[in-house]
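Trainee: Just passing along the structure, written as C-alpha cells.
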Amino acid sequence: MISIRNLTSVLFTFVVLLAIVWPIPNELLPFHRNLFIYSAFIIALGLYFHNQIDVDYRSGKIRWLIIILVTISIYGLIIGLLYSPNIKLMLKNWNGMWVRPVMLFFLGLYIYPILKREFTTLTPERFISIIVLCFFISPALHVIDTLLFYFENSYIPWGETRLFRTRTELSIQINMIAVILIAEALRRAFKHQPALVFNNLSLVLMIAIIGISTALANTRFGTIGLTAGMFSMIFLILLKELNRKNLFKMSIIVTAITIAIAILGYSSFKKDPRWHTLKEDVTAGWDAPVKSYCFELNPSSPQLKRGDGEPVDTSNACRPAYIHQALELIAYYPMGIGAGKSVYLNLLQKNHPTANINISQSHSGLLELAMQYGVFGLIAWLTFNIIIILQAWRSYTRSNDKIALFSLIFTIGFLSRSLIDRNLIDHFFEQFMFVSAVLLSITWIKDHSK
C-alpha cells in the first residue's frame, strides 16, 4: 500500500508538471493537462482529510473570497439554466470555464500546508520559487525555439510562436511571470531581502530572457502590460520603502528602470506602425457598424476609414468596436445568459440576425464575464480581486511580507490585463486562480503564525 509520503510526492510531482505544461496546447502534449488537475485535486482532498490539516480559513478575508466564488458559481448556474439557448453546452462550459478554476483556487489554498506536512524543509520561498521556475520554462522554450528557427532559416519570426496558440497567449504568460521576477529584483535592490531562492545572476538572466521573449512576441498589449506592471511595482515599493536614507540609491534604480522601459516602449513604437495612427483608428472604430469588416471578417464587407479617407488599421479600430458592442450587450442583458465560450458571438448574432457576424470574442475578459454572469457577477468578481489586493497591501505594509507583494502585483497585473484581453478563460484563468490562492494561503499562514 502506498505511503502518505509517497502519495504526497506524487501530488507534488503532478503540481510541478502541471505548472510547466499549463500554457502549452494539449495537442502538443502526449496527454491532456486536465489529467494533472483532477488527479492533484483528488489526491489533495484525500490527504487533507487523512492528515487533518490544521488550516482554518473560516475567519478573515479568505472566507469572504470563498463566499463570493460560491455565490458566482450558483448564480451563473441558475442564470444559465434560465436564459442559455443551449443548456447542455452551457453546463459543459460552466464546468470547464468556472468550476474548474474555482476548484484550482481551493487546491491552491491547501496545497502548501499539505506538502509542508511531509516535506518540512519546503519553505514558502522555495515553493513559490518552484512555481515561478515552472511558469518561466515555456517563455524560455519560446526563445530557444526562435533561436533554432533562426539558425535553420536565417531570419527571426517576429510575432510568431510554435509553442503557443497565439502570441497573445505567450504575452499573457510572460506578464504573469514577469511581475513576480521584477518585483523580486526591486525588493533585492531596495531592501536586500530576497523572497525567491535564485541568486542574483540567475534572476537577472531570467528577467533578460523574459524581456527577449516579450520582444519576440511583438504584441503591443504585452509590452503595455509589462511596462504598466513595472511602473506599478516601482510606485508601490516606493510608497512603502522610500525614506531619506535610501533616497539617492532608489532614485538611481528608478532612473535606470525608467530608461529601460523607455527603450522598450520606443522599440515597440518604431517597429510597430500601428501606434502612429492609433487615435484616428480608435475614433473610427468606436462607432463601427456591426455590418463591417471588424465583425464579419469578410474582405467584401465595408471597410472602416479615417477622417482623411484612408483605411484604418483593423488592429487599432476593431478592438474599440468590440468593446462598444459588448457594453451595449451588457446593458441589454444585465443578468447575463450563463457560461459560454462564444457568448459574445451568440449575443451579437441574436441581436443582429441580418449581419454575417464571425467575430467570436470581445477581447475583454471582464466584459465577457459580465455577459455570462451579468452585472452582479462582474461586481462580485471585482470585489473578489479588491479583497485580495487590500489584504495583500495590508500584509505588505504592516508585516513587510515579501510574498504579499507578489500577491498584490500578481492580482493587479492580471486584473488589468483582463480589461484589454480575454484572459478569464482556459489555462490563463486556471493559473491565476491557483497561484493567487497559493500566495494568499502563505500570507495567511505567516500572519497567523505570529
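According to numbering that gives the first Met the number 0, the sequence shown is numbered sequentially starting from 0. Note that the Cβ used here is the ideal one computed from N, Cα and C, for glycine as well.
#1: Could you check the C-alpha separation between Ile-388 and Asn-422 for me, to the nearest Å?
#2: Between Ala-18 and chain B, is there a C-beta pair that is closer than 8 Å?
#3: Using DSSP with H/G/I as helix, E/B as strand and the rest coil, what is Pro-24?
#4: Please report the residue range of the alpha helix (DSSP H) in which Gln-533 lies.
#5: Just to confirm the assignment: which complete beta strand (DSSP E) runs, minimum length 3, are found wholly within the segment 195-221?
#6: On the three-state DSSP scale, how would you describe Lys-115?
#7: Compute the beta-carbon to beta-carbon distance between Ile-329 and Leu-365, rounded to the nearest angstrom, for a pair I have assumed lies under 8 Å.
#8: By Cβ distance below 8 Å, which residues in the same chain neighbour Lys-304 in space, the five residues on each side in sequence not counted?
#9: Using the Cα positions of Leu-377 and Met-370, report the straight-line distance between them to the nearest angstrom.
#10: How many Å lie between Gln-360 and Ser-2 at the Cα?
#11: What first and last residue would you give for the alpha helix (DSSP H) that runs through Leu-347?
#12: Hey, how far is the Cα of Ile-173 from the Cα of Ser-212?
#13: Return yes when the Cβ of Gly-373 is within less than 8 Å of the Cβ of Gly-89, no when it is not.
#14: Would you report the Cα separation of Pro-301 and Ala-287, rounded to the nearest angstrom?
#15: Where Arg-454 and His-49 are concerned, what is the direct C-alpha to C-alpha distance, given to the nearest angstrom?
#16: Does the distance from the CB of Gly-335 to the CB of Asn-92 come in under 8 Å?
#17: Taking 8 Å as the threshold (C-beta atoms), are Ala-184 and Leu-404 in contact?
#18: Kindly confirm or deny that the segment 139-149 and the segment 199-212 touch, where touching means at least three C-beta pairs closer than 8 Å.
#19: Once you ignore the five residues that flank Leu-27 on each side, which residues in its own chain have a CB closer than 8 Å to its CB?
#20: Can you tell me whether His-447 is buried or exposed? The criterion is at least 16 other CB atoms within 10 Å of its CB, across all chains shown.
#21: Alpha carbon to alpha carbon, how far is Met-96 from Met-102?
#22: At 4 residues or longer, what runs of the alpha helix (DSSP H) sit wholly inside the segment 115-156?
#23: In chain order, what are the residue ranges of uninterrupted alpha helix (DSSP H) at least 4 long that sit wholly in the segment 292-350?
#24: Could you tell me the distance, in whole angstroms, from the CA atom of Phe-383 to the CA atom of Glu-279?
#25: Do you know whose CA, among Ile-441, Ala-188, Ser-341, lies nearest Ser-83's CA?
#26: Do the CB positions of His-426 and Pro-22 come within less than 8 Å of each other?
#27: Helix, strand or coil: which one does DSSP assign to Leu-354?
#28: Just to check my reading of the structure: Trp-380 and Ile-171 have Cβ atoms closer than 8 Å, yes? What is that Cβ distance to the nearest angstrom?
#29: Excluding the 5 residues flanking Gly-158 on each side, which residues of the same chain have their C-beta closer than 6 Å to its C-beta?
#30: Give me the Cα-Cα distance between Val-434 and Ile-251, rounded to the nearest whole angstrom.
#31: Three or more C-beta pairs under 8 Å: does that hold for the segment 33-49 against the segment 108-124?
#32: As a quick exercise: from Thr-276, Tyr-331, Phe-431, pick the residue whose alpha carbon is nearest that of Ser-417.
#33: Considering Arg-393, what are the terminal residues of the alpha helix (DSSP H) in which it resides?
#34: With a Cβ-Cβ cutoff of 8 Å, do Leu-10 and Leu-64 count as a contact?
#35: Are the CB atoms of Leu-114 and Asp-12 within a distance shorter than 8 Å?
Mentor: Reading from the atomic positions:
#1: Along the sequence shown, read from residue 1 onward, the residue named residue 388 stands at position 389. Along the sequence shown, read from residue 1 onward, the residue named residue 422 stands at position 423. The alpha-carbon atoms of Ile-388 and Asn-422 are separated by roughly 19 Å.
#2: The question asks about chain B, but that chain is absent: this structure has only one protein chain.
#3: In the sequence shown, counting from the first residue as 1, residue 24 sits at position 25. DSSP places Pro-24 in coil when its eight states are reduced to three.
#4: Residue numbering for the chain in the displayed model covers 0 to 449; residue 533 lies beyond these limits and cannot be assessed.
#5: Restricted to the segment 195-221, not a single beta strand (DSSP E) segment is unbroken, complete and at least 3 residues in length.
#6: If you number the sequence shown from 1, residue 115 lands on position 116. In this structure, Lys-115 counts as helix in the three-state DSSP scheme.
#7: Counted from its first residue, the sequence shown places residue 329 at position 330. Counted from its first residue, the sequence shown places residue 365 at position 366. Contact doesn't hold; Cβ gap of about 10 Å is too wide.
#8: As a working mapping, residue 304 is identified with position 305 in the sequence shown. Excluding the 5 residues flanking it on each side, Lys-304 has same chain C-beta neighbours closer than 8 Å at Ala-283, Pro-310, Val-311, in chain order.
#9: Along the sequence shown, read from residue 1 onward, the residue named residue 377 stands at position 378. Along the sequence shown, read from residue 1 onward, the residue named residue 370 stands at position 371. If you take the alpha carbons of Leu-377 and Met-370, they lie about 9 Å apart.
#10: Along the sequence shown, one-based indexing puts residue 360 at 361. Along the sequence shown, one-based indexing puts residue 2 at 3. Cα to Cα, Gln-360 sits roughly 47 Å from Ser-2.
#11: Working through the sequence shown from its first residue, we reach residue 347 at position 348. Residues 342-350.
#12: Counting from one through the sequence shown, the residue named residue 173 turns up at place 174. Counting from one through the sequence shown, the residue named residue 212 turns up at place 213. Cα to Cα, the separation comes out at about 8 Å.
#13: Numbered from 1 along the sequence shown, position 90 holds the residue referred to as residue 89. Numbered from 1 along the sequence shown, position 374 holds the residue referred to as residue 373. Note that residue 89 is Met in the sequence shown, not Gly. Going by C-beta atoms, Met-89 is not nearer than 8 Å to Gly-373.
#14: Looking up residue 301 in the sequence shown gives position 302. Looking up residue 287 in the sequence shown gives position 288. The straight-line gap from Cα to Cα measures roughly 10 Å.
#15: For residue 454 there is no data in the structure shown, the boundaries of the chain being 0 and 449.
#16: Numbered from its first residue, the sequence shown carries residue 335 at position 336. Numbered from its first residue, the sequence shown carries residue 92 at position 93. No, these two residues do not count as a Cβ contact at 8 Å.
#17: On the sequence shown, residue 404 is found 405 positions in, with the first residue counted as 1. On the sequence shown, residue 184 is found 185 positions in, with the first residue counted as 1. Note that the C-beta distance between Leu-404 and Ala-184 is not below 8 Å.
#18: Verdict: yes, contact present.
#19: For this step, residue 27 is matched to residue 28 along the sequence shown. Setting aside the 5 residues that flank it on each side, Leu-27 is surrounded in the same chain by Leu-162, each with a C-beta closer than 8 Å to its C-beta; the list follows chain order.
#20: As a working mapping, residue 447 is identified with position 448 in the sequence shown. The residue is exposed, with fewer than 16 neighbouring Cβ atoms inside 10 Å.
#21: Counted from its first residue, the sequence shown places residue 96 at position 97. Counted from its first residue, the sequence shown places residue 102 at position 103. Their backbone Cα atoms lie some 11 Å apart in a straight line.
#22: Every alpha helix (DSSP H) of 4 residues or more that sits fully in the segment 115-156 is shown, in chain order, as 123-152.
#23: Taking 4 residues as the shortest admissible run, the segment 292-350 contains the following complete alpha helix (DSSP H) segments, listed from N- to C-terminal end: 292-295, 313-331, 342-350.
#24: Here residue 383 is taken as the residue at index 384 of the sequence shown, counted from 1. Here residue 279 is taken as the residue at index 280 of the sequence shown, counted from 1. Annotation: Phe-383 to Glu-279 spans about 36 Å, alpha carbon to alpha carbon.
#25: The count along the sequence shown starts at 1 and reaches residue 83 at position 84. Taking each of Ile-441, Ala-188, Ser-341 in turn and checking the Cα distance to Ser-83, the smallest one comes out for Ser-341.
#26: As a working note, residue 426 is residue 427 in the sequence shown. As a working note, residue 22 is residue 23 in the sequence shown. Yes, the pair counts as a contact, with Cβ atoms nearer than the cut-off.
#27: The sequence position of residue 354 within the sequence shown is 355, counting from 1. The question names Leu, but residue 354 is Ala in the sequence shown. In the three-state DSSP reduction, Ala-354 falls in the coil class, being neither helix nor strand.
#28: As a position in the sequence shown, residue 380 is number 381, starting the count at 1. As a position in the sequence shown, residue 171 is number 172, starting the count at 1. No, Trp-380 and Ile-171 are not in contact; Cβ-Cβ is about 18 Å, not under 8 Å.
#29: For this step, residue 158 is matched to residue 159 along the sequence shown. Here the set comprises Arg-166, Asn-217.
#30: Translated into the one-based positions of the sequence shown, residue 434 becomes position 435. Translated into the one-based positions of the sequence shown, residue 251 becomes position 252. Answer to the nearest angstrom: the Cα atoms are 32 Å apart.
#31: Note that the segment 33-49 touches the segment 108-124; at least 3 beta-carbon pairs, one per stretch, sit closer than 8 Å.
#32: Locating residue 417 in the sequence shown gives position 418, where the first residue counts as 1. For Ser-417, the closest alpha carbon among the candidates Thr-276, Tyr-331, Phe-431 is that of Phe-431.
#33: Indexing the sequence shown from 1 puts residue 393 at position 394. Element bounds for Arg-393: 364-398.
#34: Numbered from 1 along the sequence shown, position 11 holds the residue referred to as residue 10. Numbered from 1 along the sequence shown, position 65 holds the residue referred to as residue 64. The criterion of a C-beta distance shorter than 8 Å is not satisfied by Leu-10 and Leu-64.
#35: Within the sequence shown, the letter at position 13 stands for residue 12. Within the sequence shown, the letter at position 115 stands for residue 114. A quick correction: the sequence has Thr, not Asp, at residue 12. Cβ atoms of Thr-12 and Leu-114: not closer than 8 Å.
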